[in-house]
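S.K.: Mind having a look at this structure? Questions to follow.
2 protein chains.
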Amino acid sequence: MHKLSGISTKLQQDIKLAATKQNQHKRTRSDHATELTEDYVEAISEIIADAGVCRAVDLAQKFQVSHVTVNRTVGRLQRDGYVTTEPYAPIELTSVGTRLAKASQERHQLVLEFLLALGVSNATAITDSEGIEHHVSPETLRVMQKFIDSQK
Amino acid sequence: MHKLSGISTKLQQDIKLAATKQNQHKRTRSDHATELTEDYVEAISEIIADAGVCRAVDLAQKFQVSHVTVNRTVGRLQRDGYVTTEPYAPIELTSVGTRLAKASQERHQLVLEFLLALGVSNATAITDSEGIEHHVSPETLRVMQKFIDSQK
DNA sequence: ACAAAAATGTAGCACAGGCTAATATTGGCG
DNA sequence: CGCCAATATTAGCCTGTGCTACATTTTTGT
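In order, the protein sequences belong to chains A and B.
With the numbering used here applied, the first sequence has no gaps in its numbers, which climb one by one up to 156 at the end.
With the numbering used here applied, the second sequence has no gaps in its numbers, which climb one by one up to 156 at the end.
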């Protein structure tokens, strides 16, 4: 290999193995849809908690996209069973959507707290946790939680 | 707010502010193209280092997509100035592509080492670093580096 | 109550990133 | 040399995620 200076031989074998199995990128790849779904249900849940109801404009503003884009995305969420909507009515979460939102929020907050505990600034921690949250496995989450606890 | 139990008032204000500025999701959103670009140049660089040349089939195998998809993606990379290709010839990186590949590899390795130093298992660290690497800001990278150093 | 403003919906466009099927090129080997 | 296997290209399809422009519906304020 190359450039893997500080890394053990065992790990290099693992990396080779992962590359051979080709199961790492597969996951990274097609999970963009899932990310968007999680972002949306998380946002919907927060907006409902804050404002009572969630309208498409709220999401459009939050994600900085047009309301048309929101509309179609929400349509997909409905198709996939995460939300319910009727024309000109607010968006509501299904029980499935609510569960997903809760899980996402908890994960998001854990990553945020972890970055803060690590010593990252507020602004950066907020930004980075947004991007990172979708890519952290349960195992890593547990390790992060342990780290947070150890810092208290 | 809600559910932000363990978090300071100041931070909650920052979160509100970030939400108001709406500058957090904007970034997360349209960076998928960048992610793919980084994954590709990184892979191309590695394959060239390992095998001497990089062919479309190698990338197809690595990313588990069809060679047709690789072809079109590489076309975009060429359009954007990261690689050069001629029909039926191997793929090569431009100087810009090489620089991006190097930077991505370094970041990737740093995140990987960080996760390992944190106590995550090899397999999980390999997988998670793939997903996380694209979402870590320079500040967080520096903090991660510091953590790695402190563990030695 | 009614006009203006806000919110939604619809039509139609673009591009990225995935695919299969069919075609073409290259390289190697008998 | 000629043919086969590997590789690359092309055509044509799909979905997701973005947009503008325009039409419609609801809400709101006087």
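Even glycine gets a Cβ: it sits at the ideal position worked out from N, Cα and C.
Keep in mind the model is a prediction, meaning the values are calculated, not measured.
1. Taking only three categories from DSSP, how would you classify residue 131 (chain B)?
2. Apply the 10 Å Cβ neighbour rule to residue 148 (chain A) and answer buried if 16 or more other Cβ atoms are within range, or exposed otherwise.
3. Using the beta-carbon count (16 or more within 10 Å), is residue 137 (chain B) buried or exposed?
4. Please confirm whether residue 143 (chain A) and residue 105 (chain A) have their CB atoms less than 8 Å apart.
5. From the DSSP output, which residues share a beta bridge with residue 96 (chain A)?
6. How long is the line joining the alpha carbons of residue 80 (chain B) and residue 156 (chain B), rounded to whole angstroms?
7. Taking the alpha-carbon of residue 114 (chain A) as reference, which of A:89, A:70, A:146, A:72 has the nearest alpha-carbon?
8. For chain A, find out if any of its Cβ atoms is closer than 8 Å to the Cβ of residue 151 (chain B); answer yes or no.
9. At a cut of 8 Å, does the segment 119-127 of chain A reach the segment 60-72 of chain A through at least three beta carbon pairs?
10. Hey, is residue 149 (chain B) close to the ligand GDP, as in C-beta under 7 Å from one of its heavy atoms?
11. Does residue 136 (chain B) come within less than 8 Å of chain A when only Cβ atoms are used?
12. As a quick exercise: from A:77, A:97, A:135, pick the residue whose alpha carbon is nearest that of residue 56 (chain A).
13. Between the alpha carbons of residue 111 (chain B) and residue 67 (chain B), how many angstroms are there, rounded?
14. Specify, as a first and last residue, the run of the alpha helix (DSSP H) that residue 140 (chain B) falls within.
15. Taking 8 Å as the CB-CB limit, is residue 36 (chain A) close to chain B?
M.R.: Well, looking at it:
1. Within the second sequence, numbered from 1, the residue matching residue 131 (chain B) stands at position 127. Looking at residue 131 (chain B) - three-state DSSP - the assignment turns out to be helix.
2. Numbered from its first residue, the first sequence carries residue 148 (chain A) at position 144. Label assigned to residue 148 (chain A): buried.
3. What you label residue 137 (chain B) is simply residue 133 of the second sequence in a count that begins at 1. Looking at its Cβ environment, which holds 16 or more other Cβ atoms inside 10 Å, residue 137 (chain B) is buried.
4. Sequence index remark: in the first sequence, residue 143 (chain A) carries index 139 (1-based). Sequence index remark: in the first sequence, residue 105 (chain A) carries index 101 (1-based). No, the Cβ-Cβ distance between residue 143 (chain A) and residue 105 (chain A) is not below 8 Å.
5. For this step, residue 96 (chain A) is matched to residue 92 along the first sequence. Paired residues: A:88.
6. On the second sequence, residue 80 (chain B) is found 76 positions in, with the first residue counted as 1. On the second sequence, residue 156 (chain B) is found 152 positions in, with the first residue counted as 1. Approximately 42 Å, taken between the alpha carbons.
7. As a first step, residue 114 (chain A) is located in the first sequence; it is residue number 110 there, counting from the start. Closest by alpha carbon: A:146.
8. Locating residue 151 (chain B) in the second sequence gives position 147, counting from the first residue. Yes, its Cβ sits closer than 8 Å to a Cβ of chain A.
9. no
10. Questions concerning the ligand GDP fall outside what the structure shown contains, since it holds no ligand whatsoever.
11. Along the second sequence, one-based indexing puts residue 136 (chain B) at 132. Yes, because at least one Cβ of chain A sits closer than 8 Å to the Cβ of residue 136 (chain B).
12. Position 52 of the first sequence, counted from the start, is the residue given in the question as residue 56 (chain A). For residue 56 (chain A), the nearest C-alpha among the options comes from A:97.
13. Your numbering for residue 111 (chain B) matches position 107 in the second sequence. Your numbering for residue 67 (chain B) matches position 63 in the second sequence. Those two C-alpha atoms are separated by around 20 Å.
14. Working through the second sequence from its first residue, we reach residue 140 (chain B) at position 136. That residue, residue 140 (chain B), is in no alpha helix (DSSP H); it is neither H nor E in DSSP.
15. Taking the first residue of the first sequence as 1, we reach residue 36 (chain A) at position 32. Taking Cβ atoms only, chain B reaches closer than 8 Å to residue 36 (chain A), which makes this a yes.
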